[in-house]
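Structure, as structure tokens:
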Amino acid sequence: MDVSGILESQKSKFKSIQVNRLIPVEFDLGLLASFDINMTDEAKFRSDKATREAYLKELSREGAQLMINELFSLPTTVDDDSYYASLPKPITVLPREKPIPKEKPMTRWEKFAKFKGIQKRKSSGKVFDETSGEWRRKYGFKGVNNDDQKPWLIEVPGNANQYEDQYKVRREEKKERIEKNNRRSQRNYEERVAAEKGMKPHEMRKRELQKALVLSKQSTASLGKFDAKLKGEPKIKGIKRKFEPLVGSVDKEKTKNMAILNKVNKGDSKATVLNVRKAQRALNNAKRAAKK
Amino acid sequence: MLTQPKAKNARTKRFLTNRDPKVNENVKTAIFVRGSTTSKVIQDTLKDLFALRKPEAVNFTKKNEIHPFDDETGIEFFARKNDSSLFAVGMHSKKRPHNLILGRTFNYQILDMIELGIEGCTTMEDLKTKACSVGTKPLMVFNGEGFNQNEDLIRLKSILLDFFRGEAADKVSLKGLEYVITVTAGPLGPNGEPGLVFFRPYTTVFKKSGMRQPRVELEEMGPSLDLRIRRVRYPSDDMMKMATKVPKELKQTKVKNISRDGMGDKYGRVHLGKQDINKIQTRKVKALKKKLDDKQPASKKQRTMDVDSD
């Protein structure tokens, strides 16, 4: 049975989705964009507004139709009762927002662990506390290594002073461990910054120290003039006052003076000699005060 | 001593790490800034463009003494403050009436920008038609040969594409194709200078076509702008090179021995081992068969030996 006749008659009920273009339109479906470089009708642009708008709308409709045709023929997936067209990767190169992230240099521990082949193992953050019969954090809030969770009875070691406060010793030891960790982290940070600047860590430390020294000198009343000199102290380089030579070119002097005169005469918006509004206000205030 | 920058709490840390450079970047945020003097046209345009760009957009409602072409510091400061990389600045003066500057930054520094004079403007409010829903991706249609020939128009095309691209997506809802932005370049001037550029957003209406693809009808949504290109700032080569670099992680790994031609056909090269001619199965011809005579005497011999032992 020939159904082509029926199909044709069915099709003619609807408006066509066909669009003719001399040069094929380029698509960048990854960006949902299309580029049509066909000639436009110059006469239509020059005629009155209504014709131009109608022409623009027609151009746009055809452009949109072409892209919709292209998008609806892409492979689709169904998700939440709606159809999704899977898009190809964009072709047009558009600039990034920020540079590519740099790789962080390894810390001393990471270097060592790599050398030794030590791998990070995932361990649970909680341990079972038998005294209370509960699961507690290893450290932190309500952690088992907090002081109040530790045994209240401490044996005094044989070689220790028997009058020493063992609770204090425990506190001090913990403080020291934290301090040590912070020092290590600081060292890693300084080494990282030095590597980024392409310097050696000790060179950078020296420069930072010299910077701090200069700052501290400047903060005395005499700007460090009467301070005791340190051994190997760097010479402070400041701004030197420079004076124009007494005898020089006349033109230079003339232009300089004329610039000042012009500024006074013309009144630069930002550097007016007389602020009229302000002066007026001051005058009014004075008058008011005199009346009282 | 150097002090490590450290976030005071987890929320700030999350906020700061979100701003760090990434392999897969965040959606670009746009800022809409008003200059020291603006006209009604400029204000309406900025308002409408902001509406199209929502939600990744920040609208500045106060005036700012800002001139990106003369002094970059102001806009770069705003970009850093808002962590944005796209900007639209609107201003109005006697010399440059209804001035709109569109541009983008890279690493909080101005990459490129384009100054446009608005010569005709129909806002969303004037048209009062149905608008698209917030945050949908538009279809971008560029018409006119100018977009392939003129340097300024090519720049404008790139900036507009970046401005309205929105989130990078590998799939798109076919129902969600709600609006189209068409940019048509009018005829070029006698010396090849760009003419008027017509920026037109339309909402789409899908009608039955008796086929898989629907018939598209358009309705003007606004803001419809007739733009004239004024000043253009091009990016420096090394900055553009840095900005278009593709991270190692996103580069496609090269597959050996597989190639594609211009038509998209795939070609693969297969390596076979060395051919062993002796083992090839050829036509069975009597002449090529191994002679049975060589084997027979040996078996006969064995048999005779067997007999002997008995």
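Chains as they are written, first to last, in the UniProt record's numbering: chain A, 1 to 292; chain B, 1 to 310.
All residues carry an ideal CB built from backbone N, CA and C; glycine is no exception.
**OP:** Answer with buried or exposed for His92/B, where buried requires no fewer than 16 other C-beta atoms within 10 angstroms of its C-beta.
**Re:** With 16 or more other Cβ atoms within 10 Å, it is buried.
**OP:** Assign Tyr84/A to one of two classes, buried (16 or more other C-beta atoms within 10 Å of its C-beta) or exposed (fewer than that).
**Re:** So Tyr84/A ends up on the buried side.
Subject >> Burial state of Ala228/A, where buried means 16 or more other Cβ atoms lie within 10 Å >> reply: Using a 10 angstroms sphere on the CB of Ala228/A, the tally of other CB atoms stays under 16, which defines it as exposed.
Subject >> alpha helix (DSSP H) runs wholly inside the stretch 147-203 of chain A, at least 4 long, in chain order >> reply: Complete alpha helix (DSSP H) runs here, min 4: 166-197.
Subject >> Cross-chain neighbours of Gly210/B in chain A, by beta carbon under 8 angstroms >> reply: Ordered by position in chain A, the residues that pass the 8 angstroms Cβ test against Gly210/B are Gln10, Lys11, Lys13, Phe14.
**OP:** Determine, using beta carbons only, whether Asn24/B comes closer than 8 angstroms to chain E.
**Re:** In summary, chain E is missing from the structure at hand, where the protein chains are A and B.
**OP:** With 8 angstroms as the threshold, decide whether the Cβ of Lys263/A is near any Cβ in chain B.
**Re:** For Lys263/A, the answer is no, since every Cβ of chain B falls outside 8 angstroms of its Cβ.
Original post:
Is the stretch 144-155 of chain B touching the stretch 258-265 of chain B, taking contact as three or more C-beta pairs under 8 angstroms?
Top reply: The stretch 144-155 of chain B vs the stretch 258-265 of chain B: no contact.
**OP:** Measure from the alpha carbon of Pro234/A to the alpha carbon of each residue in Gln210/A, Thr255/A, Arg192/A, then state which is nearest.
**Re:** Of Gln210/A, Thr255/A, Arg192/A, the residue nearest in Cα terms is Gln210/A.
Original post:
Thinking C-alpha only, which one of Gly117/B, Val255/B, Ser224/B, Asp237/B is nearest Ile181/B?
Top reply: Per the Cα distances, Ser224/B.
Original post:
What first and last residue would you give for the alpha helix (DSSP H) that runs through Asp251/A?
Top reply: Per DSSP, Asp251/A belongs to the alpha helix (DSSP H) from 250-262.
Original post:
Closest to Met240/B by CA distance: which of Ile100/A, Ile68/A, Lys89/A, Arg52/A is it?
Top reply: It is Ile100/A.
**OP:** Would you verify that the beta carbon of Gly186/B is, or is not, closer than 8 angstroms to some beta carbon of chain A?
**Re:** Yes, Gly186/B lies at the interface with chain A (some Cβ there is under 8 angstroms from its Cβ).
Subject >> Same chain, Cβ closer than 6 angstroms to Asp306/B, five either side skipped, listed in chain order >> reply: Note that Asp306/B scores 46 on pLDDT, short of 50, meaning its location in the model is unreliable and no value can be drawn from it.
Subject >> Residues near Asn59/B in its chain [Cβ-Cβ closer than 6 angstroms; skip 5 each side] >> reply: Cβ within range, chain order: Phe32, Phe50.
**OP:** Tell me whether Gln10/A sits in a helix, a strand or coil according to DSSP, three-state version.
**Re:** Gln10/A falls in the helix class under three-state DSSP.
Original post:
What's the C-alpha gap between Thr105/B and Leu177/B?
Top reply: So the two alpha carbons sit approximately 28 angstroms from each other.
Original post:
By a C-beta neighbour count over all protein chains shown, 10 Å radius and 16 as the cutoff for buried, is Pro68/B buried or exposed?
Top reply: Flag for Pro68/B reads buried.
**OP:** Answer with yes or no whether the minimum CB distance from Thr255/A to chain B is below 8 angstroms.
**Re:** Contact with chain B is absent for Thr255/A, since none of that chain's Cβ atoms lies less than 8 angstroms from the residue's Cβ.
Original post:
Is DSSP giving Thr304/B helix, strand or coil here?
Top reply: Confidence at Thr304/B is low in this model, with a pLDDT of 46, below 50, so its placement is unreliable and no value can be given for it.
Original post:
Which term fits Lys207/B, buried or exposed, when burial requires 16 or more other beta carbons within 10 angstroms of its beta carbon?
Top reply: Flag for Lys207/B reads exposed.
**OP:** Could you tell me which chain B residues have their CB closer than 7 angstroms to the CB of Phe35/A, listed as they occur along the chain?
**Re:** Going along chain B in sequence order, the residues near Phe35/A (Cβ under 7 angstroms) are Phe142, Phe147.
**OP:** Would you kindly work out how many angstroms separate the C-alpha atoms of Gln302/B and Lys279/B, rounded to a whole number?
**Re:** Residue confidence is low: Gln302/B scores 49 on pLDDT, short of 50, so the model does not pin down where it sits. Its coordinate-derived value is still stated next. Rounded to the nearest angstrom, the two C-alpha atoms are 30 angstroms apart.
Original post:
Where does Tyr55/A fall in DSSP's three states?
Top reply: In the structure shown, Tyr55/A sits in a helix (DSSP, three-state: H, G or I).
Subject >> Any C-beta of chain B under 8 angstroms from that of Lys211/A >> reply: Chain B, which has no Cβ nearer than 8 angstroms to the Cβ of Lys211/A, makes this no.
Subject >> Below-8 angstroms beta-carbon distance, Met39/A vs any chain B residue >> reply: Closer than 8 angstroms to some Cβ of chain B, the Cβ of Met39/A qualifies, so yes.
**OP:** Drop a sphere of 10 angstroms on the beta-carbon of Thr40/A, count the other beta-carbons inside from all chains shown, and report buried for 16 or more, exposed for fewer.
**Re:** Taking all protein chains in view, the Cβ of Thr40/A is crowded by 16 or more other Cβ atoms within 10 Å, so the residue is classified as buried.
Original post:
Taking only runs of the beta strand (DSSP E) that begin and end inside the stretch 52-106 of chain A, which ones reach a length of at least 3 residues, in chain order?
Top reply: Those beta strand (DSSP E) runs which fall completely within the stretch 52-106 of chain A and span 3+ residues are 76-79, 82-86.
Original post:
Nearest CA to the CA of Arg233/B: which residue from Pro5/B, Leu102/B, Asn64/B, Glu220/B?
Top reply: Arg233/B has its Cα closest to that of Leu102/B, out of Pro5/B, Leu102/B, Asn64/B, Glu220/B.
Original post:
Counting only beta-carbon atoms, is residue 294/A nearer than 8 angstroms to chain B?
Top reply: There is simply no residue 294/A to check, as chain A begins at 1 and stops at 292 in what is shown.
Original post:
Which of the three DSSP states, helix, strand or coil, is assigned to Gln4/B?
Top reply: Three-state DSSP puts Gln4/B in coil, outside helix and strand.
**OP:** Could you check which residue in Tyr189/A, Lys111/A, Arg52/A has the C-alpha nearest to that of Thr3/B?
**Re:** Per the Cα distances, Tyr189/A.
Original post:
DSSP state of Asp36/A, grouped into three classes?
Top reply: Secondary structure of Asp36/A (DSSP, three-state): strand.
Original post:
Would DSSP call Glu110/A helix, strand or coil?
Top reply: Three-state result, Glu110/A: helix.
Original post:
Do you know whose CA, among Asp129/A, Gln65/A, Glu97/A, Leu74/A, lies nearest Pro88/A's CA?
Top reply: For Pro88/A, the nearest C-alpha among the options comes from Leu74/A.
**OP:** Any chance you could list the alpha helix (DSSP H) runs of at least 4 consecutive residues sitting entirely within the stretch 83-117 of chain B, in chain order?
**Re:** For the stretch 83-117 of chain B, not a single whole alpha helix (DSSP H) run of length 4 or above is found.
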